[in-house]
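Residue numbers (our numbering): 81 to 217.
What follows is the structure, given as structure tokens:
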């Protein structure tokens, strides 16, 4: 959580619309320079002056249902401070579609409706109780 002065300063820098977007999805207002946009549409920002140490880099996800599996490995290394240069500047981390990668992104579907659920052929050991009402006589 940030102070009111910092929030108002960031509100003035980024505007009302972006500040409300950040408060809704990140819970904080941040102002920084756009470093790059990856092939999935995520935007990566950095601010070395006004932010706390190890809070200077952040990502604005394209989708509303965001999670860490939507970040490419090179960007993950940059955003978690494993490397100093972003993948757009580092020749080793240039993000290309590698031969073993799928061309489209498949998010992690765990705990969603689309998650894999195996079909069971084993009879359940427990069964639900269904009450039956006897006729009054």
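The beta carbon of each residue, even a glycine, is placed where N, CA and C say it ideally should be.
Please classify residue 213 as buried or exposed, where buried requires at least 16 other C-beta atoms within 10 Å of its C-beta. exposed
Write down every uninterrupted run of the beta strand (DSSP E) in the segment 97-125 whose length is 3 residues or greater and which is fully enclosed by it, in chain order. 113-117
Pull up the distance between the alpha-carbon of residue 189 and that of residue 207, whole angstroms please. 29 Å
Please confirm whether residue 93 and residue 111 have their CB atoms less than 8 Å apart. yes
Would DSSP call residue 86 helix, strand or coil? helix
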